[in-house]
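Read through the structure below, which is laid out as structure tokens, and then see the notes.
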Amino acid sequence: MDNHHSNLLVKISNEEFNQLVNFVYDKYGINLSKKRQLVEGRLSHTIKDLGLSSFNQYMDLLRRDKTGDEMLNFLNKITTNYSYFARETEHFEFLLEFALPYLEKNRSRELRIWSAGCSAGQEAYNIAMTMEQYFGSKKGMWDTRILATDISMNVLNKGKQAIYSEDNIKDLPKQWKTQYFTRLPDGSYQVTEKIRKEVIFRVFNLMDPMVYKKPFDIIFCRNVMIYFDADTRNKLVERFYDATAKGGFLLVGHSEVLDKGATRYGFIRPSIYQKT
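Mapping the sequence shown onto my numbering, position 77 (from 1) lands on 78, and the numbers just tick up by one.
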């Protein structure tokens, strides 16, 4: 096959596209109906790499794949994980100045925190560093472990390794870089074991029922719901509400606004909500 030809996109028919949209929506709550170009553009390579010639064949593969690996590969391609440390820093300032003082007064030595859609772990480690900062020498008396979940085993494995490029940590305070990271011979940085121990990584699809021993004091779900339609988002937020302890907080991405009428959470400030 000549090069010119192999660069052509694999075209998706209306029927194939509708099938794909329904399949992904039913299984993951992600609405791709307006993302046709993105789907065609990003998946053409995948289809060719797999030695397939049409979206139909690719859909068959997705349905048959018992391991879920191909599905995750697909989701990773269409929901890009742009994640880095100290993203939307106001949230961490809010933790230090408001949420943690409030919870310290109202909880007995245990905080349950969930980083939902955690990508490669930056957010979860950021939370752990913020805790360390806040509690200081009292930290040993508190159990503040963080649950970090994502649908992608791929990013969770990266999270467990906790190795990041210099570019990834450039926005962190200098003191944190020296205190919470070890510089590796190749110039990348690894989160120290003390902080790594604070985070538990688990595979979880937000469309599945939430099972937990005790409700959460803080739930971070930032820039995950941008892929969901309003109905899916509202239902998810209601499930988060049920999984939140009284007085607990939900933090969402700055571009994500919850429908006021659709949630029982109280509004604190943009992107920050509390269960009163």
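The beta-carbon is built from N, C-alpha and C at its ideal position, and this holds for glycine as well.
If you're wondering where the values come from, they're calculated on a predicted model, not measured in any experiment.
DSSP places L148 in the strand class (E or B) of the three-state scheme. Taking 8 Å as the cut-off, the beta carbon of G254 is found no closer than this to the beta carbon of K276. Close CB contacts of F95 within its chain, under the 7 Å cut and outside five residues either way in sequence, are with I273 (chain order). Cβ neighbours of A125 within its own chain (closer than 6 Å, five residues either side excluded): S116, C119, I147, A149, V200. Ranked by Cα distance from N77, the options D232, I152, C222 are led by I152.
A direct Cα-to-Cα measurement between E41 and S55 gives close to 11 Å. Annotated as distal: L185 and T131, with beta-carbon spacing of 8 Å or more.
Straight-line measurement puts the Cα of G30 at about 17 Å from the Cα of L39.
In terms of CA proximity to F202, A163 leads the group Q20, M60, A163. With a 10 Å radius around the Cβ and a threshold of 16 neighbouring Cβ atoms, D172 comes out exposed. Within the same chain, and ignoring the five residues on either side of V25 in sequence, the residues whose Cβ sits closer than 6 Å to its Cβ are I31, L33.
Per DSSP, the beta bridge partners of G267 are Q275. In this model, I196 and K28 are separated by some 34 Å (Cα to Cα). A121 sits in coil when the DSSP states are folded into three classes, being neither helix nor strand. For G254, the three-state secondary structure derived from DSSP is coil. Note on the stretch 180-212: whole beta strand (DSSP E) runs with a minimum of 3 residues are 182-184, 190-192, 200-204, in chain order. Note on geometry: alpha-carbon atoms of Q134 and F182 lie some 14 Å from one another. For L251, the number of other beta carbons within 10 angstroms of its own is at least 16, and it is reported as buried. When the Cα atoms are used, L51 and M60 turn out to be separated by approximately 12 Å. CA-CA distance, F18 to E105, rounds to 50 Å. Proximity of the stretch 255-265 to the stretch 58-73 falls short of the contact definition, fewer than three beta-carbon pairs being nearer than 8 Å.
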